[in-house]
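Undergrad: One structure is given below, represented as structure tokens, and several questions about it will come after.
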Amino acid sequence: MRASIVGSGYVGLVTGMGFVKLGNDVVFIDIDDEKIKMINQATPPIYEEGLEELMKEFKGRYKATKDYGDSILNSDVTFIAVGTPSREDGSIDLTYIKKAAEEIGKALKEKEDYHVVVVKSTVVPGTTEEVVKPIIEKHSGKKAFEDFGLAMNPEFLREGVALKDFLNPDRIVTGVQDERTRQILEKLYEPIDAPKLIVDIKTAEMIKYASNAFLATKISFANEIGNICKTLGIDSWKVFEGVGLDRRISSRFFRSGIGFGGSCFPKDVKALIRKAEELGEEPLILKAVIEVNEKQPLKLIGLLKKHVQDLKGETVGVLGLAFKPNTDDIRETRAIIIVRKLLEEGAKVVAYDPKAMQNFKHLFPQIEYVNSAQEVLERTDVILIATEWSEFEELDFSGKIVIDGRRIKNAEKTAKIYEGVCW
Ligand SMILES: NC(=O)c1ccc[n+]([C@@H]2O[C@H](COP(=O)([O-])OP(=O)(O)OC[C@H]3O[C@@H](n4cnc5c(N)ncnc54)[C@H](O)[C@@H]3O)[C@@H](O)[C@H]2O)c1
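Whatever position you read off the sequence shown (first residue = 1), add 45 for our numbering.
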């Protein structure tokens, strides 16, 4: 099949390259000239394991462009994978979705063959039918579910293992209304062996939010219990090992620490909160999930101050800036809250991350970045750990004060003074 993908960020690029690997021809549509250039040179604009190799292997089977018209004319199905960030009040910002829908509509006006449009971006329930559909209909002069197909297909991939997740997902959820669209999507996903759930469009949108909200809740719950454990001198990781053995609960997402970041959980939980409030519901649990998560990184600074009372003029090393290992993504990373607080307290920050320093520099040009974790250790005896990159396990922390937000076992073993945030 021929697929066009609107938005070639983490989701768009991985999805598109996944479809290429499955034997389809793909065209990426983006508004960012630099990304287009890089994709056409088979160079990934983001870091994701295995992506570069895949792009090199299949060079020629995909291309990137700004041109909606040509791409839609020459493809059978278009996925919308543009960003859906938070607005100031936490509600979903649909600016990119609306613009993409408008451009798709204009392109569809010129196309005679049946074409399927699939919303893959995370959008609050109702968006596909109440926002995307009327925009495409207005600009194409065509009718959804008759002249063109419309579906919602949420993405569940995890950054860091995104390609693996795309090709081996826990499930594929598709929200459809018309039979023809269902068949086309079934064919596209046929090679992937996974449970496939077909629901209506609004349900598909909600499944994504309910999944992310549940996982975020599990983390904040683990952190709240972890904080109580820390005060009681109990290792919360042992506690959750015991709790997780209950098959009704499972041990996943119980790593208590400094909380969740990334481009999804914080913004999706906030968007669901705003949507619920708009509907007159009071989402008490979801609000608490965010509140715990915002406070949690500051626990690291609180623990640091037990050992270094005055941070003014103190050089503090920060290991890890990405919101999790194996990605260069720093959106909502807990390191932002930590570094901001350190600077407020007058500390000098020396930071290292294997992949995310370039991105972090845009936010914090004033801190010092070094080329290795070892160099951080050479520069200071006071270390905070904000991301669990596996290479940090190789370090010898002898003589150091380490406050650990993620649990690096070797730090626990070798540091002079060691504090874990929830253990
Ligand atoms: N990142 C994840 O792990 C993840 C996982 C599942 C779902 N999602 C959801 O997928 C969506 C995309 O997320 P992402 O992380 O890939 O975002 P991203 O910011 O990395 O990528 C978005 C891309 O869209 C492009 N774009 C913006 N407007 C455009 C337009 N009008 N036409 C063409 N391209 C345009 C941008 O230039 C950018 O390259 C979001 O809704 C997100 O919530 C993300």
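Beta carbons are placed, not taken as given, at the ideal position from N, Cα and C, and that holds for glycine.
What are the start and end residues of each continuous beta strand (DSSP E) run of 3 or more residues lying completely inside the stretch 160–241, in chain order?
TA: If we require 3 residues or more, the beta strand (DSSP E) runs fully inside the stretch 160–241 come out as 161–164, 194–197 and 217–220.
Undergrad: If we count Cβ pairs, one from each stretch, closer than 8 Å, do we get three or more for the stretch 46–54 versus the stretch 71–88?
TA: As far as the Cβ criterion goes, the stretch 46–54 touches the stretch 71–88, which means the pair count is three or higher.
Undergrad: Look at the alpha carbon of Gln341 and the alpha carbon of Lys247, and state the distance between them as a whole number of angstroms.
TA: Taking the straight line joining both Cα atoms gives about 33 Å.
Undergrad: Grouping DSSP H, G and I as helix and E and B as strand, with all else coil, what is Ala126?
TA: Coil.
Undergrad: Using CA coordinates, which residue listed in Lys178, Asp112, Ser120 and His160 is at the minimum distance from Lys143?
TA: Looking at the Cα atoms, Lys178 is the closest of the given residues.
Undergrad: Check this for me: beta carbons of Val65 and Phe124, under 8 Å apart or not?
TA: No, Cβ-Cβ distance for Val65 and Phe124 is not below 8 Å.
Undergrad: Out of curiosity, what's the CA-to-CA distance linking Ala431 and Asp374?
TA: So the alpha carbons of these two residues sit roughly 14 Å apart.
Undergrad: Once DSSP output is grouped into helix, strand and coil, what is the label at Thr262?
TA: DSSP places Thr262 in helix when its eight states are reduced to three.
Undergrad: Give the range of the alpha helix (DSSP H) segment to which Tyr141 is assigned.
TA: It spans Thr140 to Lys154 - the alpha helix (DSSP H) in which Tyr141 sits, taken as one unbroken run.
Undergrad: Please indicate yes or no: does the CB of Ser166 lie closer than 7 Å to some heavy atom of ligand 1?
TA: At least one heavy atom of ligand 1 is nearer than 7 Å to the Cβ of Ser166, so yes.
Undergrad: What does DSSP give as the partner residues of Tyr463 in its beta bridges?
TA: Answer is Val447.
Undergrad: Does the structure place the stretch 104–118 close enough to the stretch 134–152 that three or more beta carbon pairs sit under 8 Å?
TA: Result yes; three or more Cβ-Cβ pairs closer than 8 Å.
Undergrad: Would you call the CB atoms of Leu422 and Lys445 closer than 8 Å?
TA: Cβ distance < 8 Å, so Leu422 and Lys445 count as in contact.
Undergrad: Given a cut-off of 8 Å, decide if Thr172 and Leu139 are closer than it, judged by their beta-carbon atoms.
TA: Going by C-beta atoms, Leu139 is nearer than 8 Å to Thr172.
Undergrad: Beta-carbon separation of Asp121 and Ile217 under 8 Å?
TA: No, they are not a contact pair.
Undergrad: Figure out for me which residue from Asn416, Lys393, Leu349 and Asn371 has the closest Cα to the Cα of Asp449.
TA: Nearest of Asn416, Lys393, Leu349 and Asn371 to Asp449, Cα basis: Leu349.
Undergrad: Please indicate yes or no: does the CB of Val56 lie closer than 7 Å to some heavy atom of ligand 1?
TA: Yes, the Cβ of Val56 comes within 7 Å of a heavy atom of ligand 1.
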